[in-house]
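Here the protein sequences line up with chains A and B, keeping their order. Going letter by letter, the first sequence gives residues 1 to 204 in our numbering. Going letter by letter, the second sequence gives residues 205 to 319 in our numbering. Every residue gets a Cβ at the ideal spot worked out from N, C-alpha and C, and that includes glycine.
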Amino acid sequence: MSTQHHNAPESEPALRVKALESLLVEKGLVDPQTLDLLVDAYENKVGPKNGAKVVARAWVDPAYKARLLSNGTAAIAELGFSGMQGEDMVVVENTPTVHNLIVCTLCSCYPWPTLGLPPVWYKSAPYRSRAVSDPRGLLKEFGLDIAPEVEIRVWDSSAEVRYMVLPEHPKGTEHMSEAELAELVTRDSMIGVAKVTVGSKARS
Amino acid sequence: MLRPEQVEEAVKTGGSTRRPDDRITPRFKTGDAVRVRNRNPTGHTRLARYTRGKRGVIHHDHGVFIFPDTNAHGRGEKPQHVYSVRFEAAELWGEPTSLRDAVYIDLWEDYLEPA
């Protein structure tokens, strides 16, 4: 979380969330222990390391990759990942001619079982509007220059399906084990705002 | 109310809104040209404003799901097919940065009409 001085006022959204939480608990609609368990699940247990394992498996096993692209939900579940906000998964593959980008323009839908909770920028109005209207400009700001001959496909998660990008398998990694490959796969590469390179390192 | 002892299972299972039903035949198939209805309801909808009135092509039929426009207001699940529809950047934005790019968005059958 951000470093805050003890005497600095909390942000307005944080105050509103606290007020809502108190009210819901008071009315017996939310159990605070449930909230703690949910926060713990998505802060410590479920995160992009899951998606990284899926990607690494697809890179080393062509039959798995085929299953992943034809039925994302089932293939992801083979590795033990499933559930809330990932009940219906579609995985889209980056190739030398197609680059994929995931967004939810309406809110912040995101594939929780494989990527955990979305980063703040993914939920922001600028990302949500520019991902669909100017993906090239947006990606440039993320440091990713897409060649003019490459087609960008933006997937707007407007219904119940949740999307994940299968990044391209980077050159120079042929000697790596599946576990070592998984260490290279970043959250951002599975959203589509970055590529995986031999120098990548997944943060958490 | 979700109880603490239910959390682990809920996280692992989730709650799909899919309603598989072979009796509900799809109106559209991959490759069909469709136009998004110009619908501007005051209640809940997942019909993204930037697609209204635009012409796209059916990419894929995801199957049958609960319809949020009615379900959110207690007016029934009204399950129907949801399609991934491809829109060319030029169709959506007029003069986009690249003519090569496209947006794929998921739309319920009620949002669409043949183009």
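Asked: Here's a check: name, in chain order, each residue in its chain whose Cβ is nearer than 8 Å to the Cβ of A214 (chain B), leaving out the five neighbours to either side.; Found: L206
Asked: Can you grab the Cα-Cα spacing for the pair T301 (chain B) / T97 (chain A), in whole Å?; Found: 17 Å
Asked: Check the Cβ of M84 (chain A) against every Cβ in chain B and list those closer than 9 Å, keeping chain order.; Found: A214, V215, K216, T217, G218 and G219
Asked: On the three-pair Cβ rule with 8 Å, is the region 112–120 of chain A touching the region 252–265 of chain B?; Found: no
Asked: With a threshold of 16 other CB atoms inside 10 Å of the CB of K45 (chain A), please say whether the residue is buried or exposed.; Found: exposed
Asked: Spell out a yes or no on whether the region 6–21 of chain A and the region 128–139 of chain A are touching, meaning 3 or more CB-CB pairs, one atom from each, closer than 8 Å.; Found: no
Asked: Taking Cβ-Cβ distances below 8 Å as the criterion, which residues of the region 135–165 of chain A are in contact with chain B?; Found: P135, R136, G137, P148, E149, V150, E151, I152, R153, V154, W155, D156, S157, S158, A159, E160 and V161
Asked: Let me see if you follow: with CB-CB separation under 8 Å, is T301 (chain B) close to chain A or not?; Found: yes
Asked: Quick check: the Cα distance between L117 (chain A) and E313 (chain B), rounded to an integer number of angstroms?; Found: 29 Å
Asked: Determine, using beta-carbon pairs with one atom in the region 86–95 of chain A and one in the region 155–167 of chain A, whether at least three such pairs fall under 8 Å.; Found: yes
Asked: Give the range of the beta strand (DSSP E) segment to which S288 (chain B) is assigned.; Found: Q284 to E292
Asked: Taking C-beta pairs closer than 8 Å, name the residues in chain A that D305 (chain B) reaches, listed in chain order.; Found: P135, R136, E151, I152, R153 and V154
Asked: Measure the alpha-carbon distance for F291 (chain B) versus G267 (chain B) and round it to whole angstroms.; Found: 20 Å
Asked: Which residue wins for smallest C-alpha separation from H277 (chain B), given the options B:G247, B:P283 and B:S288?; Found: B:G247
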